[in-house]
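*Asks:*
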């Protein structure tokens with residue numbers, strides 16, 4: 298019998314991007330709440346970049362987007378590792 302290798306299911310780009318950004322958005326929100334429950338953004342501003350004029354709201358926003366960037370990078374790394382694993386497993390099953 299001539300078996301053709303199964304192709305992994307391809308997901309639409311929007312679904313792949315959402316699978317990375319949505320969980321990282323939730324984690325960034327939680328991390329932001331935890332950080333700013335303990336530290337006031339104005340105090341953080343005073344010890345980090347005192348020469349910049351930043352409001353408390355700007356501090357919250359910058360903190361959230363930094364957490365979102367870090368958690369999105371972690372989610373992307375996980376996606377890449379899982380994708381590579383599926384490709385390697387498929388290549389190994391062809392032999």
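Numbering (the numbering used here), first residue to last: 298 to 392.
In this text, a Cβ means the ideal position worked out from N, Cα and C, and glycines have one as well.
Owing to the predicted nature of the structure, the values given are computational and were not obtained by experimental measurement.
#1: Going along the chain, which residues of its own chain have a beta-carbon closer than 6 Å to the beta-carbon of residue 328, five neighbours each way excluded?
#2: How long is the line joining the alpha carbons of residue 341 and residue 333, rounded to whole angstroms?
#3: Thinking just about the alpha-carbon of each residue, which of 354, 316, 368 is nearest to the one in residue 337?
#4: Might you give, ordered along the chain, the residues of its own chain that have their beta carbon closer than 7 Å to the beta carbon of residue 372, omitting 5 neighbours on each side?
#5: What's the C-alpha gap between residue 323 and residue 366?
#6: How about residue 356 and residue 339: are their beta carbons less than 8 Å apart?
#7: Please classify residue 366: does DSSP put it in a helix, a strand, or coil?
*Replies:* Result, derived from the coordinates:
#1: 364
#2: 10 Å
#3: For residue 337, the nearest C-alpha among the options comes from 354.
#4: Apart from sequence neighbours up to five positions away, the residues of its chain that approach residue 372 with a beta-carbon distance below 7 Å are 317, 320, 321, ordered along the chain.
#5: Using only the alpha carbons, I get a separation of about 12 Å.
#6: yes
#7: helix
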